[in-house]
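Last residue of the sequence shown? That's 526 in my numbering, and every number before it is there in order.
Right, one structure below, let's go through it.
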Amino acid sequence: MEIEMKNVTREFQGIRAVDRVNLVMTNGVYGLLGVNGAGKTTLMRMLCTLIRPSSGTITCSGRDIFEMDGAYRKLLGYLPQDFGFYPDFTVQDYLMYIASIKGIRPAVAKKRVSELLRRVGLTQAKNKKMKKLSGGMKRRAGIAQAMLNDPKILILDEPTAGLDPNERIRFRNLISELSSERLVLLSTHIVADIEYIANEVLLMKDGQIVRRGTQEQLLSSVPVRAWSFAAGRDEIAGWQKRYPVSNIKTFPNGVKIRVLSEQAPHPDAIEEAVTLEDVFLYWFGEKAGEHYDVL
Numbered sequence: 232m233e234i235e236m237k238n239v240t241r242e243f244q245g246i247r248a249v250d251r252v253n254l255v256m257t258n259g260v261y262g263l264l265g266v267n268g269a270g271k272t273t274l275m276r277m278l279c280t281l282i283r284p285s286s287g288t289i290t291c292s293g294r295d296i297f298e299m300d301g302a303y304r305k306l307l308g309y310l311p312q313d314f315g316f317y318p319d320f321t322v323q324d325y326l327m328y329i330a331s332i333k334g335i336r337p338a339v340a341k342k343r344v345s346e347l348l349r350r351v352g353l354t355q356a357k358n359k360k361m362k363k364l365s366g367g368m369k370r371r372a373g374i375a376q377a378m379l380n381d382p383k384i385l386i387l388d389e390p391t392a393g394l395d396p397n398e399r400i401r402f403r404n405l406i407s408e409l410s411s412e413r414l415v416l417l418s419t420h421i422v423a424d425i426e427y428i429a430n431e432v433l434l435m436k437d438g439q440i441v442r443r444g445t446q447e448q449l450l451s452s453v454p455v456r457a458w459s460f461a462a463g464r465d466e467i468a469g470w471q472k473r474y475p476v477s478n479i480k481t482f483p484n485g486v487k488i489r490v491l492s493e494q495a496p497h498p499d500a501i502e503e504a505v506t507l508e509d510v511f512l513y514w515f516g517e518k519a520g521e522h523y524d525v526l
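Structure, rendered in structure tokens:
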């Protein structure tokens, strides 16, 4: 399975939400990382044929996905940021209903629904009405509906929104299990969602893919190092003006600050390993001289 985007652009009222993206993806997990408004959702909606590019082409194994029409959508599973459901349906009824829309035979659908309920941890809640589910449980139901047709291409937009730490771990393990046999693209602005499972990370900023590569490649691509040192509380604002500050930890007698810099910013600074979160801050954080929110 191969998806290729060539010079894909999407404009809304003269504003480029996606700007000349060139991208090739095959089986494996791709993490699309960027701040809100970077163009991630627009890119994914085009990959799901919900909107057309203003220019450029998207192909699946050499065929235009919009010309493939239903044949392409049979290969596709999609979880949008906000998915619709009938609030009075039980979880099981909701999944059976979505299965019927996808053209899955009832006998096959019943078995598939049962399996997916188990895999996303909703077996005990299968007879609960959708409106009674917690936010995290609704998200798990959404993940299950995206998997109903055993898709070869799985596109997940902010899939872990509302999930607690245990649910996030369950989700990551599930995606890892699935990735050997399909192409998975998941978008997020939460670094931990992709840190352990993405074969390749795509950094998207202002509608463009500004960097792509394995986690190791991205870590080695930034021209800065991470440093930590102790400082007084009254010094925080000054350090935030001079450097990207990735963390501030408060102690009774002061703070420990972690900053990104090419050279040691303080005589007592200790160099630490650069993380994917540091890469995120380097590419998407505010410019030096402006205030940095503490991560």
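Where a beta carbon is used, it is the ideal one built from N, C-alpha and C, also for glycine.
List the whole-angstrom C-beta distance separating residue i from residue j, where the pair is believed to meet the contact cut-off of C-beta under 8 angstroms.
| i | j | result |
| --- | --- | --- |
| L263 | V422 | No, L263 and V422 are not in contact; Cβ-Cβ is about 12 angstroms, not under 8 angstroms. |
| D250 | G438 | 4 angstroms |
| I428 | I406 | 5 angstroms |
| L433 | V510 | At roughly 12 angstroms, the Cβ-Cβ gap does not stay under 8 angstroms, so L433 and V510 are not in contact. |
| R489 | A457 | 6 angstroms |
| M275 | R241 | So it is not a contact: roughly 11 angstroms between Cβ atoms. |
Shortest alpha-carbon distance to residue i belongs to which of the options?
| i | options | result |
| --- | --- | --- |
| K363 | F316, R399, Q439, S331 | F316 |
| I246 | G268, L306, L409, D499 | G268 |
| K342 | V415, M275, L379 | L379 |
| E408 | T419, N430, S292 | N430 |
| Y309 | Q494, Q355, A375 | A375 |
| V266 | I440, G393, R413 | I440 |
| E235 | Q446, K271, S292 | S292 |
| N358 | G367, G366, N253, Y325 | Y325 |
| Q312 | L394, A340, N404, L347 | L394 |
| I386 | C279, R241, M232 | C279 |
| K271 | G485, V239, S286 | V239 |
| R464 | I479, K369, R456, V322 | I479 |
| G287 | P318, S331, D381, V252 | V252 |
| F527 | K360, M435, I425, P498 | Any question about residue 527 goes unanswered here, given that the chain covers just 232 to 526. |
| E493 | E503, Y303, L414 | E503 |
| R294 | L353, E346, L433, K237 | K237 |
| W514 | P454, P483, A302 | P454 |
| T321 | I296, L307, L348 | L348 |
| H190 | R413, E412, M435, M327 | In the structure as shown, the chain starts at 232 and stops at 526, and residue 190 therefore has no counterpart that could be examined. |
| V351 | M361, M368, R413, K360 | M368 |
| T273 | D388, Y261, E346 | D388 |
| P475 | N258, P483, P496 | P496 |
| D319 | I289, K383, M361 | M361 |
With 16 other CB atoms within 10 Å as the buried threshold, where does residue i fall?
| i | result |
| --- | --- |
| G334 | exposed |
| Q471 | buried |
| K305 | exposed |
| T481 | exposed |
| D477 | Note that residue 477 is Ser in the sequence shown here, rather than Asp. Flag for S477 reads buried. |
| V344 | buried |
| A500 | buried |
| E398 | buried |
| F402 | buried |
| V525 | Caution is warranted here: a pLDDT of 33 is assigned to V525, below 50, making its placement in the model unreliable, and no coordinate value can be reported. |
| H522 | Residue placement at H522 is poorly supported in this model, since its pLDDT is 36, which falls under 50; the coordinates are not used for a value here. |
| V415 | buried |
| S418 | buried |
| P337 | exposed |
| A302 | exposed |
| P390 | buried |
| R283 | exposed |
| Q244 | exposed |
| A468 | exposed |
| I296 | buried |
| Q323 | buried |
| I425 | buried |
| V339 | exposed |
| G520 | The pLDDT assigned to G520 is 34, lower than 50, so where the model puts this residue is not dependable; a value taken from the coordinates is nonetheless given after this. Label assigned to G520: exposed. |
| R413 | buried |
Can we count residue i as close to the ligand MN, meaning its CB is less than 6 angstroms from some heavy atom?
| i | result |
| --- | --- |
| G516 | Among the ligands in the structure shown, none appear at all, so the ligand MN cannot be discussed. |
Per DSSP, which one or two residues make a beta bridge with residue i?
| i | result |
| --- | --- |
| D388 | S418 |
| M256 | I234 |
| M435 | I440 |
| C291 | I234, R294 |
| Y261 | L416, E431 |
| F460 | I488 |
| K360 | T321 |
Would you verify that the beta carbon of residue i is, or is not, closer than 7 angstroms to some beta carbon of chain D?
| i | result |
| --- | --- |
| L326 | In the structure shown, chain D does not exist; there is a single protein chain. |
Alpha helix (DSSP H) runs wholly inside the segment 293 to 353, at least 4 long, in chain order
As far as the segment 293 to 353 is concerned, its whole alpha helix (DSSP H) runs of at least 4 residues are 296 to 299, 301 to 304, 322 to 332, 337 to 350.
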